[in-house]
């Protein structure tokens with residue numbers, strides 16, 4: 001297949017937009033104050049305040065996009081919110097216009113979504129005739145995988161999105177590169193939290209949605225309940241007069257799977273998904289990481305064009321010539337056509353999940369662009385590193401096998417809130433745990449969290465000598481639970497006073513050897529010999545001390561109960577008066 005010389009000069013598309021008013025149109029990229037807006041559109045601030053009808057508004061009041069739009073509409077102006085297209089953003093503004101005569105049919109890209117354990121992976125497993133779900137840990141798919149199959153000679157590419165809530169960002173990215181969304185709902189469980197979340201994401205994309213009601217082979221199933229739940233979430237079934245295609249079946253027995261595939265192909269034929277096979281490739285990175293013996297890998301789906309071994313690829317701050325390409329069956333390929341999932345070896349580092357990529361012939365320009373993107377990414381890195389004064393710090397270093405997992409862990413840790421302790425991600429990266437990670441952990445007094453990575457024996461020994469703790473996980477929600485426990489353990493014990501009894505002083509005796517003896521009556525609770533005590537006079541705490549001795553009549557006692565009278569001495573306290581209150585309490589941590 002011959003390459004088309006079409007090339008994208010991304011560097012020339014970098015631009016910084018300015019807030020301005022021209023040709024009767026307001027262009028803005030941020031919120032504006034009343035005064036700023038008034039100056040731009042040549043109006044008085046009082047006029048804007050009158051239009052918006054807000055009593056508390058003044059010249060400095062900040063207007064959101066809706067406010068600005070309302071003012072523009074009132075005066076008959078057009079308005080347009082713009083974004084700065086810097087070196088990083090330019091990848092999201094790739095605009096390709098192909099000659100319709102160059103377009104050919106491509107396979108639909110289908111995203112599988114749904115709640116945990118509703119059968120997404122089992123469904124793909126049945127379609128592929130493999131045992132994919134047995135390779136995953138904890139019953140949850142830990143990263144996005146893409147697979148292409150053929151049904152009646154029609155290729156279909158599937159993206160499997162993880163069900164755990166921590167992977168929400170990855171599900172969104174999966175939806176951004178897909179053509180059709182299949183939402184799997186278990187008939188015996190119904191529409192649950194992740195199902196609703198997946199429906200929201202799917203609705204936002206405005207893509208065709210197919211619902212596969214799974215586990216219909218189980219006894220006593222009432223699919224009408226599922227249809228009602230789907231309708232409640234704005235997915236009206238076709239059989240009820242809506243537009244949502246429903247397929248009922250079982251991923252275990254294969255019931256309904258052929259109908260699902262036929263429905264996907266029907267949708268694909270109606271939508272006429274096409275691509276230019278002769279142009280340079282563009283697409284999206286769906287997963288990345290480090291593999292032993294191969295180095296950095298990037299799993300991608302080709303959206304348009306054909307990718308060839310030896311092409312120069314840039315994906316954000318990652319770049320390089322493709323040395324090897326593998327398909328989903330781990331077979332080496334030389335070319336990757338539109339809608340094809342492929343693993344790329346040759347980029348200098350893993351790219352972020354969801355990152356767009358292009359092929360370019362201008363290696364020098366693309367390397368410069370990647371360098372600038374790298375600088376932007378460094379400035380944008382923002383972990384949950386806010387530390388409140390007086391709070392304990394819990395420092396962690398994260399190392400993961402894949403970019404998607406690392407992002408999910410960072411997201412999950414940022415959601416943890418433990419009163420009195422702040423989690424600080426000192427460093428986060430892909431690959432094995434290194435000596436420098438241990439050194440950094442020692443300096444920062446941090447623990448190292450390894451997700452699907454293990455250190456060598458030398459690194460383990462270095463960590464032991466450095467007194468650095470390394471923890472290993474392969475299930476993300478187990479990691480979250482244990483980090484929460486450790487953060488709680490990082491809190492310094494707080495002593496709390498638990499009041500257990502109170503007495504009022506009725507008489508005072510002075511004793512030459514013992515000191516002041518107070519004749520008291522217990523008015524609430526009970527008082528024991530080992531208690532701590534505080535003396536209150538007119539509601540003010542005068543002293544905190546311990547009980548020296550207690551007597552009931554002439555007998556030494558260890559405990560006095562409510563309404564009993566007794567004599568008491570307090571350690572190092574003689575300034576006592578009739579009417580003083582003695583409160584007794586215990587200290588707990």
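In my numbering, the protein residues as written are 1 to 589.
Idealized CB from N, CA, C, for every residue including glycine.
{"Check": "DSSP bridge partner residues for residue 20 (one or two, in chain order)", "Outcome": "27"}
{"Check": "Residues that residue 160 bridges to, as DSSP identifies them", "Outcome": "112, 145"}
{"Check": "Contact check, residue 373 vs residue 393, beta carbons under 8 Å", "Outcome": "no"}
{"Check": "Where residue 412 sits in the DSSP three-state scheme", "Outcome": "helix"}
{"Check": "From 41, 96, 99, residue whose alpha carbon lies closest to that of residue 74", "Outcome": "41"}
{"Check": "Residue 133 versus residue 342: straight-line alpha-carbon distance, rounded", "Outcome": "Interpretation of residue 133 is limited by its pLDDT of 40, a score under 50 that renders its predicted location unreliable; no figure is taken from the coordinates."}
{"Check": "Nearest-angstrom Cα separation, counted from residue 555 out to residue 581", "Outcome": "23 Å"}
{"Check": "Close beta carbons around residue 334, own chain, < 6 Å, minus the five adjacent residues each side", "Outcome": "309"}
{"Check": "DSSP three-state assignment for residue 193, whether helix, strand or coil", "Outcome": "helix"}
{"Check": "Proximity to residue 346 [Cα-Cα], best of 367, 323, 202", "Outcome": "323"}
{"Check": "Beta strand (DSSP E) runs wholly inside the segment 214-300, at least 3 long, in chain order", "Outcome": "245-248, 274-276, 282-291"}
{"Check": "Proximity test, Cβ basis, 8 Å: residue 282 and chain C", "Outcome": "Considering every chain present, this structure includes no chain C. It has just one protein chain."}
{"Check": "Closest by C-alpha distance to residue 397, when choosing among 583, 426, 304", "Outcome": "426"}
{"Check": "Counted within 10 angstroms of its Cβ, other Cβ atoms place residue 587 as buried (16 or more) or exposed", "Outcome": "exposed"}
{"Check": "Whole-angstrom C-beta distance between residue 584 and residue 500, which should lie under 8 Å", "Outcome": "6 Å"}
{"Check": "Sequence-distant residues of its chain with Cβ nearer than 6 Å to residue 34 (five each side left out)", "Outcome": "45, 48, 59, 61"}
{"Check": "Counted within 10 angstroms of its Cβ, other Cβ atoms place residue 78 as buried (16 or more) or exposed", "Outcome": "exposed"}
{"Check": "Residues sharing a beta bridge with residue 550, DSSP", "Outcome": "568"}
{"Check": "Nearest to residue 104 (by Cα), restricted to the options 278, 331, 22", "Outcome": "278"}
{"Check": "Residue 566 beta carbon less than 8 Å from that of residue 578", "Outcome": "no"}
{"Check": "Alpha-carbon spacing of residue 302 relative to residue 158, whole angstroms", "Outcome": "13 Å"}
{"Check": "Cβ pair residue 221, residue 258 closer than 8 Å", "Outcome": "no"}
{"Check": "Inter-residue CB distance, residue 286 and residue 300 (contact presumed, cutoff 8 Å)", "Outcome": "7 Å"}
{"Check": "Ordered list of alpha helix (DSSP H) runs contained in the segment 451-523, each at least 4 residues", "Outcome": "457-465, 476-490"}
{"Check": "Euclidean distance between Cα positions of residue 213 and residue 195", "Outcome": "12 Å"}
{"Check": "Residue burial classification, residue 462 (beta-carbon count within 10 angstroms, cutoff 16)", "Outcome": "buried"}
{"Check": "Short Cβ contact (8 Å threshold) for residue 202 with residue 126", "Outcome": "no"}
{"Check": "Where residue 366 falls: helix, strand or coil (DSSP)", "Outcome": "helix"}
{"Check": "Per-residue DSSP class, three states only, for residue 304", "Outcome": "strand"}
{"Check": "Simplified DSSP assignment, three categories, for residue 57", "Outcome": "coil"}
{"Check": "Three-state secondary structure (DSSP) of residue 34", "Outcome": "helix"}
{"Check": "Heavy atom of the ligand NAD within 7 Å of residue 208 beta-carbon", "Outcome": "With respect to the ligand NAD, the structure offers nothing, as it holds no ligand at all."}
{"Check": "Distance, residue 318 Cα to residue 273 Cα", "Outcome": "29 Å"}
{"Check": "Per-residue DSSP class, three states only, for residue 339", "Outcome": "coil"}
{"Check": "Through-space distance from residue 562 to residue 409, alpha-carbon basis", "Outcome": "55 Å"}
{"Check": "Extent of the continuous alpha helix (DSSP H) run through residue 177", "Outcome": "Premise fails: residue 177 is in no alpha helix (DSSP H) and is neither H nor E."}
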